[in-house]
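> Let me begin by handing over the structure; questions about it come next.
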Amino acid sequence: MDINMFNMSHLDSLERFKGQSIALLGGSFDPFHNAHRMLVKSAVEALPVEALLVMPLGWAPHKTTRMRLATFRYEMSIRGVYGIPRVYVSDEEIKTPAISYTIDTVTHLINKISPDPLYLVIGSDSFEALPSWRCYKELALKVVFAVARRGDDDMEKLHTLAERYQKEDDAHVVFFKMPPSSLSSSNLRTALRQGKSVEGACPEKVVGLINTYRIYDFQDEYDALSEESWSRIRSTEQAAWRYYTQKQRLHVVSVAQYAARLALANGVDLEKAFIAGLLHDAAKNLPVKERLLLAEAYLTSHLFAKDAAKVIRDVALSNKNKLASSDQSVKEFGSYYEGSDYHSVLLNTSLSETRTTCLSDNSSSEMRTTCLSDNSLSEIQTSCLSDNSSSEMRTSYLSNASSSKIRNSCLNDNETLWLTSLNKSLLHGPAGAMLAKNIFGIYEPDILDAICFHSTARPNMTSLEKVLYLADKIAYDRTFKRLEPIRKYSQKGDLDFAMHLCLEETFVALNRKGKIPHPFSIAAYEEIRDL
Ligand SMILES: [Fe+2]
Ligand SMILES: [Fe+2]
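With this note's numbering, the residue at position 259 of the sequence shown is 1634, and numbering never jumps.
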């Protein structure tokens, strides 16, 4: 299903509603069901408003149950209201850390767009409990309560309550009708956990989403997390929100959940797998220039173990005379230096300064000379793309590889494609690791390395690295051929055989696109094949 078809419901900016009459409906929408849709439709048709904003809850400390990740609830809301005019889904609560209660949301909206008036849509079941809401009296002065009444409601009781609120708290209350419904999110969650279908209870597009991503199929993984881990995961999702498009968010949360599944099955730290999954593509939307800078900073900061790097570095160095000194792979293989620091990277606007900082150790002077010989980013990019000996290098490098499939796919490629693919599409791995460390405050080297090598793999991978690499390829949003056997072996605890199959599948897919694998991937494959 094409995600773009739903963009009409997605609200990027609230500014367009400045000063207008707006209705607001908040909720966890976990899942978004048909009664939500009826409520939205009835409200927007009955109330004199320009727009109705559906705002899924972000961080809700008062919630005792663990909601699904915000990305899924946001997407279910977008799909759930699809086709209803003047209804928009806003991620304002999700992406604003300070918002926890309705009063916070209302104050935030008033400060931002001064709606006139602001209707707060609530169900008749919440009406009686209104005075127990946080800062209710303040809320009563800021909004008009728009109460949905169902056919089976006690109207006399509702009107008595409205009069009381009006008299005692100066509250404004209006009623609108909606069809009765017995649907409840908690009942639907129970049904989903039992593997039952929610067809007919949720809008069709929501059902499709739940089924594709198996949103409610990860209860064991959620339950296995401590409160502290869960809190860290939720806040990481929130912090990373602005780095992704919604389509990318769906991918990363899918990968994060699947990584947690593999972690549980393979004795790997669940929280680390989840965090690595959430952040693994965070650098993807950065401009190439920034990705290059961050990737280089990470790869030159020794954050991957020297013994693991040695295998590939030796191969690179043994072919050094055949390699153009400007080839990016030489830098990646050879230049992992101590002493890199994020702040030096971010504060330095010039790449040469950054390099000087990164390369201030006693590593190979030859390599350092190679890296330092470029003094501007454009020169580096040009040099990366103008390698005139890579074909020779590839022939030499691959002469020992016994897999004819890989060798052929590499040798059939042209060098421009090879280098372009290396520089642009794979850079977000190491760049993402640097971003995770310095923007998201992730200091566990194993999480950072998992992010770094998720785009290429490498020899001597840790189990966490394998878990993320595999989850990225086989999470439920993926549909490629031979996927089921890889899922089966990785969930059975045979990560190595799953990696073997997955790397082969990746090579075949690359070959189909006329690309060749990154040398790290080939080295990883050769190692795992010979186990
Ligand atoms: Fe990626
Ligand atoms: Fe990914």
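All C-beta atoms, glycine included, are put in the ideal place defined by N, C-alpha and C.
So, at 6 Å on beta carbons, what are the nonlocal neighbours of Arg1857 in its own chain, with the 5 sequence-adjacent residues on each side left out?
The residue labelled residue 1857 in the question sits at position 482 within the sequence shown. Around Arg1857: Glu1880.
> Is the beta carbon of His1408 within less than 7 Å of some heavy atom of ligand 2?
The sequence position of residue 1408 within the sequence shown is 33, counting from 1. His1408: no, Cβ never under 7 Å from ligand 2.
> I'd like the list of long-range same chain contacts for Ile1903, defined as Cβ closer than 6 Å, with 5 residues on each side in sequence excluded.
As a working mapping, residue 1903 is identified with position 528 in the sequence shown. So the qualifying residues of the chain are Asp1871, Met1874, His1875.
> Please classify Met1376: does DSSP put it in a helix, a strand, or coil?
Translated into the one-based positions of the sequence shown, residue 1376 becomes position 1. Because the pLDDT at Met1376 is just 38, under 50, the model does not fix this residue reliably, and the value given afterwards should be weighed accordingly. Reduced to three states, the DSSP call for Met1376 is coil.
> Quick check on Arg1443: does DSSP put it in helix, strand or coil?
Position 68 of the sequence shown, counting from 1, holds the residue named residue 1443. Coil.
> Taking all protein chains shown into account, decide if Asn1409 is buried (16 or more other Cβ within 10 angstroms of its Cβ) or exposed.
Looking up residue 1409 in the sequence shown gives position 34. Flag for Asn1409 reads buried.
> Relative to ligand 3, is the shortest distance from any of its heavy atoms to the C-beta of His1893 smaller than 7 Å?
The model on display carries ligand 1 and ligand 2 but not ligand 3.
> Would Thr1482 pass as a contact of Glu1468 if the rule is Cβ separation under 8 Å?
Reading the sequence shown from its first residue, position 107 is the one you call residue 1482. Reading the sequence shown from its first residue, position 93 is the one you call residue 1468. For Thr1482 and Glu1468, no; Cβs fall outside 8 Å.
> Quick check on this structure: which residue in Val1883, His1893, Ile1897, Asp1852 has the alpha carbon closest to the alpha carbon of Leu1625?
Start at 1 with the first residue of the sequence shown, and residue 1625 comes out as number 250. It is Asp1852.
> Rounded to whole angstroms, what's the CA-CA distance from Asp1824 to Pro1805? Just pull it up for me.
Here the question's residue 1824 lines up with position 449 in the sequence shown. Here the question's residue 1805 lines up with position 430 in the sequence shown. Going by the C-alpha atoms only, they are around 8 Å apart.
> Going by DSSP, what residue range makes up the alpha helix (DSSP H) through Phe1550?
On the sequence shown, position 175 is the one that residue 1550 refers to. Per DSSP, Phe1550 belongs to no alpha helix (DSSP H); it is in the beta strand (DSSP E), 1547-1552.
> So within the region 1397-1470, which uninterrupted alpha helix (DSSP H) runs reach at least 4 residues, ignoring any that extend past its ends?
You should have 1409-1421, 1445-1455, 1467-1470.
> Where does the unbroken beta strand (DSSP E) through Tyr1494 begin, and where does it stop?
Within the sequence shown, the letter at position 119 stands for residue 1494. Looking at the DSSP string, the run of the beta strand (DSSP E) that includes Tyr1494 is 1493-1498.
> Identify whether Phe1882 lies in helix, strand or coil by the three-state DSSP scheme.
As a first step, residue 1882 must be located in the sequence shown, where it is residue number 507. DSSP places Phe1882 in helix when its eight states are reduced to three.
> Can you list, in chain order, the residues of its chain whose CB lies under 6 Å from that of Ile1608, leaving out five sequence neighbours each side?
For the purposes of this step, residue 1608 is identified with residue 233 of the sequence shown, where counting begins at 1. Excluding residues within five positions, the ones whose Cβ falls inside 6 Å are Phe1649.
> Measuring CA to CA, which of Cys1827, Glu1819, Asn1813 is closest to His1803?
As a first step, residue 1803 must be located in the sequence shown, where it is residue number 428. Considering only alpha carbons, the answer is Cys1827.
> Out of curiosity, what's the CA-to-CA distance linking Pro1492 and Gly1642?
As a working note, residue 1492 is residue 117 in the sequence shown. As a working note, residue 1642 is residue 267 in the sequence shown. If you take the alpha carbons of Pro1492 and Gly1642, they lie about 54 Å apart.
> Would you mind sorting Leu1668 into buried or exposed? The rule is 16 or more other CB atoms within 10 Å of its CB.
As a working mapping, residue 1668 is identified with position 293 in the sequence shown. Buried.
> Which of helix, strand or coil does DSSP assign to Val1663?
Translated into the one-based positions of the sequence shown, residue 1663 becomes position 288. Reduced to three states, the DSSP call for Val1663 is helix.
> Distance check for Ser1896 and Val1842, CA to CA, integer angstroms please.
As a first step, residue 1842 must be located in the sequence shown, where it is residue number 467. As a first step, residue 1896 must be located in the sequence shown, where it is residue number 521. Their Cα atoms are separated by approximately 15 Å.
> Going by DSSP in three states, Glu1503 sits in which element: helix, strand or coil?
What you label residue 1503 is simply residue 128 of the sequence shown in a count that begins at 1. Of the three classes helix, strand and coil, the one that applies to Glu1503 here is coil, per DSSP.
> For Ser1740, which residues in the same chain have their Cβ closer than 6 Å to its Cβ, ignoring the five residues on either side in sequence?
Walking along the sequence shown from the start, residue 1740 turns up at place 365. Note on Ser1740: pLDDT 32, under 50, position unreliable in the model; the coordinate value appears next. Excluding positions up to five away in sequence, the list is empty.
> According to DSSP, is Cys1827 helix, strand or coil?
To locate residue 1827, count along the sequence shown from 1; it is residue 452. Correct three-state label for Cys1827: helix.
> Check the DSSP bridge columns for Glu1612 and list the partner residues they point to.
Here residue 1612 refers to the residue found at position 237 of the sequence shown. For Glu1612, which the question treats as bridged, DSSP gives no partner whatsoever.
> Between Ser1572, Ser1489, Ala1421, Ile1585, which has its C-alpha nearest Tyr1449's C-alpha?
The residue labelled residue 1449 in the question sits at position 74 within the sequence shown. The candidate whose alpha carbon is nearest that of Tyr1449 is Ile1585.
> Classify Pro1894 as buried or exposed, calling it buried when 16 or more other Cβ atoms lie within 10 Å of its own Cβ.
In the sequence shown, counting from the first residue as 1, residue 1894 sits at position 519. Buried.
> Arg1568 by DSSP, collapsed to three states: which one?
Here residue 1568 corresponds to residue number 193 of the sequence shown, with the count starting at 1. Reduced to three states, the DSSP call for Arg1568 is helix.
> DSSP three-state label for Phe1392, please.
Position 17 of the sequence shown, counting from 1, holds the residue named residue 1392. Residue state, collapsed to three classes: helix.
> Nearest-angstrom Cα distance between Tyr1588 and Pro1490?
On the sequence shown, residue 1588 is found 213 positions in, with the first residue counted as 1. On the sequence shown, residue 1490 is found 115 positions in, with the first residue counted as 1. In a straight line, the C-alpha of Tyr1588 is about 36 Å away from that of Pro1490.
> Go through its chain and collect everything with a Cβ distance to Tyr1476's Cβ below 8 Å, but skip five positions before and after it.
Working through the sequence shown from its first residue, we reach residue 1476 at position 101. Cβ neighbours of Tyr1476 beyond the five flanking positions: His1437, Trp1508, Arg1509, Cys1510.
> Quick check: is any heavy atom of ligand 2 less than 7 Å from the C-beta of Asp1824?
Your numbering for residue 1824 matches position 449 in the sequence shown. Not under cutoff, so the answer is no.
> What does the alpha-carbon distance come out to for the pair Glu1602 and Leu1567?
Stepping through the sequence shown from its first residue, residue 1602 is reached at position 227. Stepping through the sequence shown from its first residue, residue 1567 is reached at position 192. Straight-line Cα distance between these residues: approximately 23 Å.
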